[in-house]
Amino acid sequence: MHPILMKIAAELNEAGDDPGLRYRFALACVEDVAANLEDDEVIRAFGKFKDLLASFDNRPLDEIEVLANELKGLSQSHPGSKSIDGTRHAAVSATYALARAVDGDAVNAAAYAAYSSVYGYGGYAVNDPDSFAEAHQKQLDCLRRLMSTRR
Numbered sequence: 001m002h003p004i005l006m007k008i009a010a011e012l013n014e015a016g017d018d019p020g021l022r023y024r025f026a027l028a029c030v031e032d033v034a035a036n037l038e039d040d041e042v043i044r045a046f047g048k049f050k051d052l053l054a055s056f057d058n059r060p061l062d063e064i065e066v067l068a069n070e071l072k073g074l075s076q077s078h079p080g081s082k083s084i085d086g087t088r089h090a091a092v093s094a095t096y097a098l099a100r101a102v103d104g105d106a107v108n109a110a111a112y113a114a115y116s117s118v119y120g121y122g123g124y125a126v127n128d129p130d131s132f133a134e135a136h137q138k139q140l141d142c143l144r145r146l147m148s149t150r151r
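The C-terminal residue of the sequence shown carries number 151 in the numbering used here, and the numbering is unbroken.
And the structure:
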């Protein structure tokens, strides 16, 4: 795990049981790579997730669970990339980021969003851990902003 992603995990853990924070942070990570989403069903699910979070008040929503199950299937059936530069992998990673976000797994949503961002530069970049530093730092900064404005 990238050191900055480890900080994100630690800070989310220190924040305690705050599903609203986790969902808002995970959504922000996905919003950063939303342009990499390609599948129409996934894009529709992304819009629905944003709508659900707009009215989220820290109580479980059955609709989020239904959407999480739908996205699990969509992410696992993504065709992937046959391109030599790996840029279609950015779409796969963005789809997984959304699936993890809707499932409430903010750390893995951040990890997949960072992969999507880095794949966007070209597949070669994922072999260099330093390639992830900028994306994860931006995520950590976002998390800290969200934590400072918690209700």
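Each residue gets a CB set at the ideal place from its N, CA and C atoms; glycine is no exception. Nothing here was measured: the structure is a model prediction, and the numbers come from that model.
Measuring only the C-alpha atoms, how far is residue i from residue j?
| i | j | result |
| --- | --- | --- |
| Phe-49 | Ile-64 | 7 Å |
| Ala-114 | Gln-137 | 10 Å |
| Ser-93 | Asp-128 | 17 Å |
| Tyr-119 | His-89 | 6 Å |
| Asn-36 | Thr-95 | 8 Å |
| Phe-132 | Asp-39 | 25 Å |
| Leu-98 | Val-30 | 6 Å |
| Asp-141 | Ala-34 | 19 Å |
| Gln-139 | Tyr-112 | 12 Å |
| Glu-70 | Asp-130 | 33 Å |
| Asp-51 | Val-66 | 14 Å |
| Lys-72 | Leu-61 | 17 Å |
| Thr-149 | Met-1 | 27 Å |
| Ile-84 | Asp-17 | The predicted model places Ile-84 with a pLDDT of 48, which falls under 50 and marks its position as unreliable; any figure quoted below should be read in that light. Each residue's alpha carbon lies about 42 Å from the other. |
Is there at least one Cβ from chain C nearer than 9 Å to residue i's Cβ?
| i | result |
| --- | --- |
| Leu-37 | Here chain C cannot be found, since the structure has a single protein chain. |
Cβ of residue i within 9 Å of Cβ of residue j?
| i | j | result |
| --- | --- | --- |
| Ala-45 | Leu-74 | yes |
| Phe-25 | Leu-146 | yes |
| Asp-32 | Ala-135 | yes |
| Ile-8 | Val-107 | yes |
| Ser-117 | Ala-91 | no |
With DSSP collapsed to three states, give me the class of residue i.
| i | result |
| --- | --- |
| Phe-56 | coil |
| His-2 | coil |
| Glu-70 | helix |
So residue i and residue j are in contact, right, with Cβ under 8 Å, and what is the actual spacing, rounded?
| i | j | result |
| --- | --- | --- |
| Ala-54 | Asp-103 | About 19 Å; that fails the 8 Å criterion. |
Can you find the residues in the same chain that come closer than 7 Å, C-beta to C-beta, to residue i, ignoring five residues on each side of it along the sequence?
| i | result |
| --- | --- |
| Ala-15 | Leu-21 and Met-147 |
| Glu-41 | Leu-74 |
So, for residue i: in the same chain, excluding its five sequence neighbours on each side, which residues have a beta-carbon less than 6 Å away from its beta-carbon?
| i | result |
| --- | --- |
| Ile-43 | Leu-37 |
| Ala-109 | Ala-26, Cys-29, Ala-97, Arg-100 and Ala-101 |
For residue i, I'd like the list of residues in its chain whose CB is within less than 8 Å of its CB, leaving aside the five on either flank, ordered along the chain.
| i | result |
| --- | --- |
| Leu-12 | Leu-21, Arg-22, Phe-25, Ala-106, Val-107 and Leu-143 |
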